[in-house]
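Asks:
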Amino acid sequence: MNLANDSAASRDIYDWDYVLWEVRLMLLASGFFIYLGVFLLSHWLSSWISATYRALSGTEKAFWNTHMTRGLFAVQSCGAGLWALFIDPVFQTDQVYSQQKWSWFHCLIA
């Protein structure tokens with residue numbers, strides 16, 4: 576993945592070269608499969624736990640699972656935004672032009 580250097584610290588996912596299309600496409604595919612897994616896990620858990628879910632039609636079940644996936648995405652996005660606003664020291668110094676390595680990761684996964 577064209578890491579910056581070969582040390583153990585550079586193997587961190589945030590140190591990858593996000594300009595390369597190989598890295599971007601791999602992260603986009605990873606994000607797709609992560610949220611597909613959330614969608615399928617939502618179906619499985621809801622079928623197992625909720626009697627209301629079992630009574631829904633197929634279309635309503637798909638909407639239910641989509642809302643569960645969207646909710647997890649909202650939690651992830653809010654967590655990243657709150658981290659950037661209140662904790663990250665680089666963003667504290669310059670809110671307009673600063674950028675961290677994890678921001679590329681979050682944007683490509685989302």
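Using this note's numbering, you'd call the opening residue of the sequence shown number 576 and step up by one each time.
Beta carbons are placed, not taken as given, at the ideal position from N, Cα and C, and that holds for glycine.
1. Classify Ser625: buried if its beta carbon has 16 or more other beta carbons within 10 angstroms, exposed otherwise.
2. Look at Phe614 and Met643 and say whether their C-beta atoms are less than 9 Å apart.
3. Starting from the Cα of Leu616, find the closest Cα among Leu600, Pro664, Trp639, Leu657 and give me that residue.
4. Tell me the residue span of the alpha helix (DSSP H) that contains Val598.
5. Report the rounded CA-to-CA distance for Leu647 versus Asp587, giving the unit in angstroms.
6. By the DSSP assignment, the alpha helix (DSSP H) with Ser652 in it spans what residues?
7. For Arg629, which residues of its own chain have a beta-carbon under 7 Å away from its beta-carbon, when the five flanking residues on both sides are left out?
Replies: In brief:
1. Here residue 625 refers to the residue found at position 50 of the sequence shown. Exposed is the call here.
2. Residue mapping note: residue 614 aligns to position 39 of the sequence shown, counting from 1. Residue mapping note: residue 643 aligns to position 68 of the sequence shown, counting from 1. Going by C-beta atoms, Phe614 is nearer than 9 Å to Met643.
3. Taking the sequence shown and counting its residues from 1, one reaches residue 616 at position 41. Of the listed residues, the one whose Cα sits closest to Leu616 is Trp639.
4. As a working note, residue 598 is residue 23 in the sequence shown. Taken as a continuous stretch (DSSP letters only), the alpha helix (DSSP H) holding Val598 covers 596–624.
5. Your numbering for residue 647 matches position 72 in the sequence shown. Your numbering for residue 587 matches position 12 in the sequence shown. Approximately 24 Å, taken between the alpha carbons.
6. As a working mapping, residue 652 is identified with position 77 in the sequence shown. Taken as a continuous stretch (DSSP letters only), the alpha helix (DSSP H) holding Ser652 covers 633–661.
7. Translated into the one-based positions of the sequence shown, residue 629 becomes position 54. Correct list, in chain order: Ser622.
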